[in-house]
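Heads up: the sequence shown begins at 1 in our numbering, then just goes up one per residue. Right, one structure below, let's go through it.
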Amino acid sequence: MFAKGDKVSVLDDNLDGIVLKVNQQQITIETNDGFELTFHEKELILIESSGDLMHNFSNTNFSSVKKEKEIPKARSFVKEKKSKKEEFVLEIDLHIEKLVPNKRGMSNYDILTLQTETVKRQIDFALRNRIPRIVFIHGVGEGVLKAELDFLLGRYDNLTFQDANYQKYGVGATEVYFIQKKTL
1 MFAKGDKVSV LDDNLDGIVL KVNQQQITIE TNDGFELTFH EKELILIESS GDLMHNFSNT
61 NFSSVKKEKE IPKARSFVKE KKSKKEEFVL EIDLHIEKLV PNKRGMSNYD ILTLQTETVK
121 RQIDFALRNR IPRIVFIHGV GEGVLKAELD FLLGRYDNLT FQDANYQKYG VGATEVYFIQ
181 KKTL
């Protein structure tokens, strides 16, 4: 009645397994937990015969199963190397909305003074902390702040400045490089 490979269930217990060997009326099964137990054939119920299992195998698409079991290849990541010049850039936005919470009551002179004082403080900060580069974002506007910035930066001996990267900032930014003295 039972054959090797049949899927069976034990009547009086909550056990399922597969038949390993049949010795007259004694059936040895391997449970789902991996234990080998022997039962009388009347204690077992046939769930699925090994003939049905072989039928299931013939309907299985092994290439799709193999593809599912395949370990995916690790993706390779190429770490992008940055030049030392691109390590850290301090960006200072000089738009008045970024400097004060409310500009109401401020004249154009007050606004320009606050912006130039901010530039001086940031340059001093960069020199003290040996920051190699600052980008001042001033915007396009009428060019008053840019002209004042050019005049102010021209008074410093230990820096050079130019228009910042057009692709990143457009024409509304100035980049400042500090000439650092090497200490021994």
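Note that beta-carbon positions come from the ideal geometry of N, C-alpha and C, so glycine has one too.
Residue range of the unbroken alpha helix (DSSP H) whose run includes Ala173: It is not in any alpha helix (DSSP H) - Ala173 instead sits in the beta strand (DSSP E) that spans Ala173 to Phe178.
Residues near Leu15 by beta carbon distance below 6 Å, same chain, minus five either side: Thr31
Top-ranked residue by Cα proximity to Lys21, from Glu48, Thr38, Ala164 and Asp33: Thr38
Bridge partner(s) assigned by DSSP for Val144: For Val144, which the question treats as bridged, DSSP gives no partner whatsoever.
Cβ shell of Leu114 (< 8 Å), same chain only, five flanking positions each side left out: Ile96, Leu99, Val100 and Met106, listed in sequence order.
Assigned exposure category for Ile47 - 16 Cβ within 10 Å defines buried: Under this definition Ile47 is an exposed residue.
Integer Cβ distance of Leu152 from Leu159, believed to fall under 8 Å: Not really, about 11 Å apart at Cβ, beyond 8 Å.
Same chain, Cβ closer than 6 Å to Glu91, five either side skipped, listed in chain order: Val135
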